[in-house]
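Notes follow the structure.
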Amino acid sequence: GFYPFWARLGGVPLTEQEMQAAQESAKQGLAIAEEIGDLNLQSAALDALGSIAQDRGQWDVAMELGNRRVAMGPRLALFEQIDAHAVVTWSATVAGDLETADRVSGAGLALIQPQQAPDWALHLAAWRVVGLVLSGKWDDAERVADRANALWLEAGRLFAGYALRGFTAALIVAHGRRDEVRIARWSEVVDAIGSQFESRRLRSKAVAQWDVDALARAMIADRQNTGIGQYDYLITHLSICADAGVLLDG
10 GFYPFWARLG GVPLTEQEMQ AAQESAKQGL AIAEEIGDLN LQSAALDALG
60 SIAQDRGQWD VAMELGNRRV AMGPRLALFE QIDAHAVVTW SATVAGDLET
110 ADRVSGAGLA LIQPQQAPDW ALHLAAWRVV GLVLSGKWDD AERVADRANA
160 LWLEAGRLFA GYALRGFTAA LIVAHGRRDE VRIARWSEVV DAIGSQFESR
210 RLRSKAVAQW DVDALARAMI ADRQNTGIGQ YDYLITHLSI CADAGVLLDG
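According to my numbering, the sequence shown is numbered sequentially starting from 10.
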């Protein structure tokens with residue numbers, strides 16, 4: 010069921026037949042998990058189905074499947090609870106349902122105590138920052154970005170490509186507020202994480218240095234990289250260019 014997710018990360022295109030086979034496998038896994046009463050396996054199967062829905066652009070379906078996982082509550086392992094909230098927040102943000110993204114991400118982060126699953130919590134926090142920035146809730150976004158930074162440090166400054174979206178959104182706010190301390194902080198984080206990934210290096214470097222012309226050139230050169238996991242980056246990077254009056258031509 011998760012094959013399309015990993016294929017997407019590897020840049021491997023799939024046929025509709027392969028997508029359908031993955032969906033049927035995930036449904037079979039869900040049926041088995043329900044039969045044996047294993048809620049964590051049920052959550053994993055629902056996650057696979059939700060990932061396939063995201064691949065197909067069915068964000069409402071992905072939210073519904075994610076909400077089924079969220080409803081299982083503390084009967085799930087903590088990492089499954091966090092991931093369920095993150096997937097709903099992700100899907101809601103891309104779908105433009107920012108109220109749901111705010112509500113679900115806030116509830117998810119409230120579950121987490123200090124030292125608990127910082128790498129999983131970082132994913133949720135990053136999406137929460139994006140949603141809050143898009144909602145215009147800059148004060149809240151700054152507070153969550155600070156928490157995301159603490160989680161990143163707690164996790165050993167891991168190469169969390171999935172967290173770049175949150176720190177990029179936080180950097181936009183910092184520049185908007187001309188907050189030199191936060192500009193320096195988020196620039197360093199964006200560069201530290203983004204430099205570890207070949208596919209994101211040029212754009213991350215341009216964002217970290219706030220070199221909008223370089224960002225525009227990198228986006229044009231990388232214009233094919235607009236897949237499922239890139240929608241929000243496209244939005245934030247375009248916003249940076251638009252705010253600076255830099256047009257993308259090419």
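Each residue gets a CB set at the ideal place from its N, CA and C atoms; glycine is no exception.
In this text, all values refer to a predicted model and were calculated from it rather than measured experimentally.
*Kindly confirm or deny that the region 149 to 159 and the region 181 to 200 touch, where touching means at least three C-beta pairs closer than 8 Å.*
yes
*asked:* Please report the straight-line C-alpha distance between F11 and A57, rounded to a whole angstrom.
replied: 5 Å
_Give the list of continuous alpha helix (DSSP H) stretches no shorter than 4 residues that lie fully inside the region 114 to 171._
127 to 143, 147 to 163
*Please classify L85: does DSSP put it in a helix, a strand, or coil?*
coil
*Span of the alpha helix (DSSP H) holding A179?*
173 to 185 is the extent of the alpha helix (DSSP H) around A179.
*asked:* If I follow the unbroken alpha helix (DSSP H) through S248, where does it start and stop?
replied: It spans 240 to 252 - the alpha helix (DSSP H) in which S248 sits, taken as one unbroken run.
_Neighbourhood of R78 by C-beta, 6 Å cutoff - its chain only, sequence neighbours within 5 removed_ = S52, L55, A93
_Cut-off 6 Å between Cβ atoms - residues of its own chain near T109, not counting five sequence neighbours on either side_ = So the qualifying residues of the chain are A101.
*Leaving aside the five residues before and after S114 along the sequence, list all residues of the same chain whose C-beta is less than 7 Å from its C-beta, in chain order.*
H94, T98, L133, W136, R137, G140
*asked:* What would DSSP say about A80, mapped onto helix, strand or coil?
replied: Look at A80 here: in three-state DSSP terms it is coil, with no helix or strand label.
*How is G38 classed by DSSP in three states: helix, strand or coil?*
helix
_Residue nearest to D258 in terms of C-alpha spacing, selected from A223, D241, T245_ = A223
*With respect to the alpha helix (DSSP H) encompassing G59, which residues constitute its N-terminal and C-terminal limits?*
Start and end: 48 to 64.
*Determine the direct distance from the alpha carbon of G117 to that of P127, and round the result to whole angstroms.*
13 Å
*Cβ of Q124 within 7 Å of any chain B Cβ*: Absence of chain B from the displayed structure is noted, only one protein chain being present.
*Exposed or buried, what is L74 when buried is set at 16 or more other beta-carbons lying within 10 Å of its beta-carbon?*
buried
*Would you check whether the ligand COA has a heavy atom nearer than 6 Å to the C-beta of W129?*
No copy of the ligand COA appears in this structure; indeed no ligand is present at all.
*asked:* Is the beta carbon of V199 closer than 7 Å to that of A227?
replied: Judged by their CB atoms, A227 and V199 are not nearer to each other than the 7 Å cut-off.
*Determine the closest residue to S208 out of Y171, D220, E89, Q125, with distance taken between C-alpha atoms.*
Y171
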